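For reference, the structure is listed below as structure tokens.
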Ligand code: AHR
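Numbering (our numbering), first residue to last: 138 to 634.
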């Protein structure tokens, strides 16, 4: 029995009439593209209360239920999202991180200063074993970001050997001495982070050489195991960075190429996370929707050097970034999460799904208590944000066959500017269920969308919707369920006349 499931993310609904939109969904008999589940990845940096207080509360904590110091409530919530991969330990922090500081007896680990994020003392109590064991608990693949800015090739080679080598070697012996006999088999490796900025203020030419050097030794012995070496890519629209790296780095040395893009309109004045105006919302959505153009333009440069699309575009930092919550440490990047963030998530995931031939991995920044988090914690309390619910509604697309959905959308207009109100993406999963996800970013206008479905008939139809009265609505520790998905009864099947 064929079934159609819809997930809808709506800015708000005025019930005074609907704007009309149309869409066409092609259902090929032999779909040729899978939406990689790794598009639904996450990111956890040693930043603010992401690791300490967010994921990890310490082995001795009797107030917050935990497994080896990792919060049980956070693990359960993330498992419900089927998170496919988790990037760690940064971010900017990665290029100051020396992994050997985070192994062995905790009381003997050196402390360092977290210079990028608040200048706080980092005691290294959460290190390589803690992170990789946590990934096993979460059932997710680890993605380690190596230190190129202040580290060395030897340091990176040692880290790979420490976590991945099965036989006897100085590093694997040390791992065993520290209590882990089996290697973890870490496949995803970032070579530095933002080398054009916090990762060393390098030129693309200089970084390309450094990348080749690190990637050569990173790959040694692990290529047949499927190691994925990810070069640090540009900020948003720095197309020259992509041109230089794609030209200088042979395809045999690179499996992934990163892109970072935040939906920020003005870095000097990022605006509040909850009390924003419609004008500010429109600006955020314009920047979020730019992701489509960025993927197309960086993708076109990649196509010149890699026409078979062997190298994955890895958008390993994306999301909204606002002023921190009043009264919190400016270096901790703690912000609330409203329906605006749900809109960023819905539209961005539609873009990723629709470019899944090149975009094969992505990481929302960041998982817990930092930037566009899916989870917020306050001591023993935990809440799920609107972004969490979007990730949960869209998880149906993980590893499903992509279906081309084209939408002719009404415009969402503010002042003299327009954005398409409705975006969408679709897939067919391995049980034969077709999923359509639609996002309406217009807070003033409900939308009706008629989708012409080509070549197949459906017997059942069901849906869920995430919406709220105001864009500025959010969940709080006192009212954690203000925004949550509800069943949607408004979808109808209509035979072709
Ligand atoms: O996600 C916060 C920071 O944003 C990361 O550390 C850095 O890579 C980016 O600039």
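Every residue, glycine too, gets a C-beta built ideally from N, C-alpha and C.
Predicted model, so just to flag it, every value in this text is computed and none were measured.
Taking a 10 Å sphere around the C-beta of residue 521, we find 16 or more other C-beta atoms and assign the residue as buried.
The beta carbon of residue 209 lies closer than 7 Å to those of 202 and 203 in the same chain, with the five residues before and after it left out.
The three-state secondary structure of residue 317, taken from DSSP, is coil. By the 16-neighbour rule on beta-carbons within 10 angstroms, residue 404 is exposed.
Under the DSSP assignment, residue 588 falls in the beta strand (DSSP E) whose first and last residues are 583-591. With contact defined as three or more Cβ pairs closer than 8 Å, the stretch 487-504 and the stretch 152-166 are not in contact.
With contacts defined as CB atoms closer than 8 Å, residue 173 and residue 498 qualify as a contacting pair. By alpha-carbon distance to residue 427, the top candidate from 396, 304 and 407 is 396. Shown here, residue 473 sits in coil according to DSSP, grouped into three states, outside any helix or strand. Apart from the 5 residues on each side of it in sequence, residue 216 sits with its Cβ closer than 8 Å to the Cβ of 275 and 276 in its chain, given in chain order.
The criterion of a C-beta distance shorter than 8 Å is satisfied by residue 456 and residue 508. Restricting attention to 391, 379, 517 and 200, the CA atom closest to the CA of residue 360 is found in 391. Where residue 217 is concerned, the enclosing alpha helix (DSSP H) starts and stops at 209-217. The beta-carbon separation of residue 382 and residue 345, rounded to 5 Å, stays under the 8 Å limit for a contact.
Look at the stretch 152-239 and you find these whole runs of alpha helix (DSSP H), each 4 residues long or longer: 209-217. Relative to the ligand AHR, the beta carbon of residue 179 is positioned no closer than 7 Å to any heavy atom. Distance from the CA of residue 253 to the CA of residue 233, rounded to the nearest whole angstrom, comes to 9 Å. The count of Cβ pairs closer than 8 Å, one atom from the stretch 350-365 and one from the stretch 413-422, stays below three, leaving the stretches out of contact. With fewer than 16 neighbouring CB atoms inside 10 Å of its own CB, residue 569 falls in the exposed class.
Residue 617 has its alpha-carbon roughly 30 Å from the corresponding atom of residue 585. Counted as a single uninterrupted DSSP element, the alpha helix (DSSP H) harbouring residue 429 occupies residues 415-442. Our two residues, residue 573 and residue 316, have alpha carbons roughly 46 Å apart in a direct line. For residue 515, the enclosing beta strand (DSSP E) starts and ends at 512-515. Taking residue 281 as the centre and dropping the five residues before and after it, the same chain places the C-beta of 323 and 326 closer than 6 Å to its C-beta, in chain order. An exposed status is given to residue 552, since fewer than 16 other beta-carbon atoms sit within 10 Å of its beta-carbon. If you look at residue 274, you'll find it in the alpha helix (DSSP H) that goes 265-275.
Residue side-chain check: residue 503 places its Cβ nearer than 7 Å to a non-hydrogen atom of the ligand AHR.
In the three-state reduction of the DSSP assignment, residue 453 falls in the strand class, which pools E and B. For residue 385, the uninterrupted alpha helix (DSSP H) segment begins and ends at 376-385. Residue 544 carries a strand assignment under DSSP once its states are collapsed to helix, strand and coil. When only Cα atoms are considered, residue 241 and residue 318 end up about 14 Å apart. Within the same chain, and ignoring the five residues on either side of residue 159 in sequence, the residues whose Cβ sits closer than 8 Å to its Cβ are 544, 545, 586, 587, 588 and 589. Taking residue 611 as reference, the option from 462, 476, 385 and 513 with the minimal CA-CA separation is 476. When beta bridges are read from the DSSP output, residue 281 appears opposite 225 and 326.
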